[in-house]
Amino acid sequence: MIRSAVSRDAQAIGDLKVRAWREAYDGFMSREYLRGPDPVKEADEWAEYLAELRDEHRLWISQEAMP
7 MIRSAVSRDA QAIGDLKVRA WREAYDGFMS REYLRGPDPV KEADEWAEYL
57 AELRDEHRLW ISQEAMP
């Protein structure tokens, strides 16, 4: 199912962003530097962003349908 992202999705988005960033830049940046991004801070920023996002500028996410 594809749906609009909402504030309750912020933690998952923040976690995904940090994991993807660390994976993408591994080998290009130091591991110490890559440990810097904080998933909790990212989640807080995403929650704020999603709360303020106008309907015509939606962020879409994919969610598995529940059985």
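First residue of the sequence shown? That's 7 in the numbering used here, and the numbers climb one at a time after it. We put the beta carbon where it would ideally sit given N, CA and C, even for glycine.
According to the DSSP secondary-structure assignment, W66 is paired through a beta bridge with S10.
Bounds of the alpha helix (DSSP H) holding G20 are 16-31. Here L65 has A11 as same chain residues with Cβ atoms under 6 angstroms from its own Cβ, once five neighbours each way along the sequence are excluded. By the criterion of a C-beta distance shorter than 6 angstroms, G20 is surrounded in its chain by P45, E48, A49, W52, once the five residues flanking it on both sides are discounted. If you look at R37, you'll find it in the alpha helix (DSSP H) that goes 37-40.
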